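Here is the structure we will look at.
In my numbering, the protein residues as written are 537 to 1244.
Take a look at the structure:
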């Protein structure tokens, strides 16, 4: 019996190579951090057939292997097959890599590679001379430098015996390899030019495909080393005719670009990371119609779609009417409604439409300015005009004059009547239009809930999408006033005009004066010492101009014009204080100025970090600072949790803060970020931030700090 069993075993072992297996793959080799499997997409291949062999290199979390160009350091993944007359083989087929940051806290380097479970296929063609029943032996070794904080070279030998016969597909690995091949960058025939400019290497890509707003975070991976410095940041800018990427040259290009640069352009599209293969040829700059894009290679938060952005803009516009920025203009709105008591329905509706027209016209002007600024390649955000101290200075003068008008200090007659009287005239459509325009201007320092993502989308979107989103914002902002003008039952309950209106009008002057005072303070935060004095002098000149204008003599009219000209010119002589960093008043916990490096360092030291993106002209920011962030329980929570408080002051123009806001899909302040402490072995990632609501509540801040 033992002899029979032994004989049968020998026969079975001899027959096994000719029997189809469930999968022609090596056993998975486990090497501490890696699990390496070599597979084919067929169990049996026919003579002359082309098939795929692939290496799956699965790694533990945070480990990576390298692309064909490893970047600043490292070694490329390798797959070496022993030569044989039985087959021919092609090169490794590479999918789009990712950039991987490594190094110490002091020196950060960028490598190009893969994490997780990358699959590396190669195409193999069996010889036509093979016969059914033959065995195709595929042997060799695969090598990878596997890195986390340290790097370990790994070599895995393999041998696969693949039967020759009728083709039999391995369904599992065939599907896996097919999915990988779909992610391989396709070569596209798009004009790309590369050149040096002011010591920087630039690549221009001319294509309308990049102007539809559906790609984000473009990043260039050169196929070979030394064309660029990988660790230097890439600065991509998107325009309606294409893309321009600014990089630091490598030693092959630092003295000029003499050879073609093949590269993969990687980007996010429809929420998926992908790439295309192209070649940049030495040449002149291309006309790509520049607009700014965030310099960060990866956004921390994906933005909304057009439909969501449009809806959020509409809702945000409605809520914007309740934000503190708009309170001064509510005075004018309230006075306008108070004077509707003796007006006909058609007159009231005409006022509503005039107000709406003022809102839309002012939004249109803002969008036109935004488009013009974007076309220069600059980063721009919501409330950008308040970063120029001349704007809040001029508004302070205007609010002062409106307050005087409400107090009855002047009523201009004759050809100057529309200068101020329209604001309070019973049936003035011009006054309603002006009220709508003024409401938009004073509302821009505020960002209402739902608005942030919508505006962030609009500023990065194509022009038509941008216009549509801002139109939705304008509609939402104008809608409450317009609807009330079509509700006669409510308006009929308003008291008839009478002596009470004069008192009501005078009371409403004081919110105007309060706003003027606040705006003067804003200017004091933006400018070198003495800036607020110039604004006060401008207000004096404006008041003097009103007094001159009331005189009958033509000479006084000339003096009035001169005074008004002086009041307008003075704000434009203000000098910005570039060193201004506005730290909120200490409420029991220290604050420091923000920088990306400071956040990374504090987290590396074991601290949680809270970042307040603010501006002196942002009323919502100041309400939060005087409210939730000044709460004693919040202060205690900061101390108890050892959370650092950093302030990113956007009062004046700051491109670093603008880019950081764009990273989180925002176009303005306030923005509040919370970074939890780093776990052991974890590195700082901007995407790990928790974004808090724009209108803060003390309970929410405490919950966040305590890890709720």
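Don't be surprised by glycine CBs; every beta carbon is placed ideally from N, CA and C. These figures come from a predicted structure and were not determined experimentally.
Are there 16 or more other CB atoms within 10 angstroms of the CB of residue i, so buried, or fewer, so exposed?
| i | result |
| --- | --- |
| residue 832 | Reliability of the predicted coordinates at residue 832 is poor, the pLDDT of 38 falling under 50, and the value obtained from them is presented with this limitation in mind. Classification of residue 832: buried, given that the 10 Å Cβ count is 16 or more. |
| residue 787 | exposed |
| residue 928 | buried |
| residue 1161 | buried |
| residue 673 | exposed |
| residue 718 | exposed |
| residue 649 | buried |
| residue 797 | buried |
| residue 808 | exposed |
| residue 523 | Nothing can be reported for residue 523, as the shown portion of the chain is limited to 537 through 1244. |
| residue 1242 | exposed |
| residue 882 | exposed |
| residue 755 | buried |
| residue 1061 | buried |
| residue 1000 | exposed |
| residue 1084 | buried |
| residue 564 | exposed |
| residue 887 | buried |
Using the Cα positions of residue i and residue j, report the straight-line distance between them to the nearest angstrom.
| i | j | result |
| --- | --- | --- |
| residue 747 | residue 723 | Low per-residue confidence applies at residue 747: pLDDT is 43, beneath 50, and the placement is therefore not dependable, though the value from the model is reported in the following sentence. Those two C-alpha atoms are separated by around 19 Å. |
| residue 725 | residue 793 | 21 Å |
| residue 713 | residue 655 | 7 Å |
| residue 1252 | residue 603 | Since the first residue shown for the chain is 537 and the last is 1244, residue 1252 is missing from the structure and cannot be characterised. |
| residue 620 | residue 721 | 30 Å |
| residue 965 | residue 892 | 11 Å |
| residue 885 | residue 811 | 54 Å |
| residue 782 | residue 671 | 53 Å |
| residue 1229 | residue 1131 | 21 Å |
| residue 1014 | residue 935 | 21 Å |
| residue 1057 | residue 1068 | 7 Å |
| residue 973 | residue 1209 | 33 Å |
| residue 578 | residue 697 | 12 Å |
| residue 1159 | residue 923 | 19 Å |
| residue 1046 | residue 1147 | 35 Å |
| residue 633 | residue 716 | 12 Å |
| residue 687 | residue 596 | 13 Å |
| residue 1064 | residue 1070 | 11 Å |
| residue 933 | residue 773 | 38 Å |
| residue 1232 | residue 804 | 32 Å |
| residue 843 | residue 1040 | 43 Å |
| residue 1008 | residue 849 | 6 Å |
| residue 1207 | residue 1234 | 16 Å |
| residue 515 | residue 612 | The shown model of the chain, from 537 to 1244, leaves out residue 515, and the question about it has no answer. |
Just confirm the distance between the C-beta atoms of residue i and residue j, as a whole number of angstroms; I'd bet it's less than 8 Å.
| i | j | result |
| --- | --- | --- |
| residue 598 | residue 664 | That pair is no contact at about 46 Å. |
| residue 1010 | residue 853 | 7 Å |
| residue 1191 | residue 1150 | With 8 Å as the limit, residue 1191 and residue 1150 do not qualify as a contact, their Cβ atoms being about 17 Å apart. |
| residue 1097 | residue 1170 | Contact flag wrong, Cβ pair sits at about 53 Å. |
| residue 1110 | residue 925 | 4 Å |
| residue 730 | residue 817 | 7 Å |
| residue 1086 | residue 946 | 6 Å |
| residue 1183 | residue 1129 | 6 Å |
| residue 939 | residue 1052 | 7 Å |
Terminal residues of the continuous alpha helix (DSSP H) containing residue i?
| i | result |
| --- | --- |
| residue 1273 | Residue numbering for the chain in the displayed model covers 537 to 1244; residue 1273 lies beyond these limits and cannot be assessed. |
| residue 710 | 707–718 |
| residue 1149 | Looking at the DSSP string, residue 1149 is not in any alpha helix (DSSP H); the run it does join, the beta strand (DSSP E), is 1144–1150. |
| residue 945 | First-last for residue 945: undefined, no H or E at that position. |
| residue 1172 | 1168–1176 |
| residue 842 | 842–856 |
| residue 1054 | 1045–1062 |
| residue 1236 | 1234–1241 |
| residue 1090 | 1090–1105 |
Looking at chain C, is there any beta carbon in it that lies within less than 7 Å of the beta carbon of residue i?
| i | result |
| --- | --- |
| residue 1082 | Absent from the structure is chain C; it holds one protein chain and no more. |
Residue i lies in the beta strand (DSSP E); which residues open and close that run?
| i | result |
| --- | --- |
| residue 593 | 586–595 |
| residue 966 | Note, residue 966: premise wrong, no beta strand (DSSP E); alpha helix (DSSP H) at 965–979. |
| residue 677 | 671–683 |
| residue 507 | What is shown of the chain runs 537 to 1244, which leaves residue 507 out entirely. |
| residue 808 | 808–818 |
| residue 661 | 655–662 |
| residue 805 | 797–805 |
| residue 782 | 778–783 |
| residue 753 | 751–758 |
| residue 573 | 570–576 |
| residue 1211 | 1207–1211 |
Would the segment 782–797 count as touching the segment 752–769 if we require 3 or more Cβ pairs under 8 Å?
yes
Count the CB pairs spanning the segment 1199–1208 and the segment 1216–1227 that are closer than 8 Å, and state whether there are at least three.
The segment 1199–1208 vs the segment 1216–1227: in contact.
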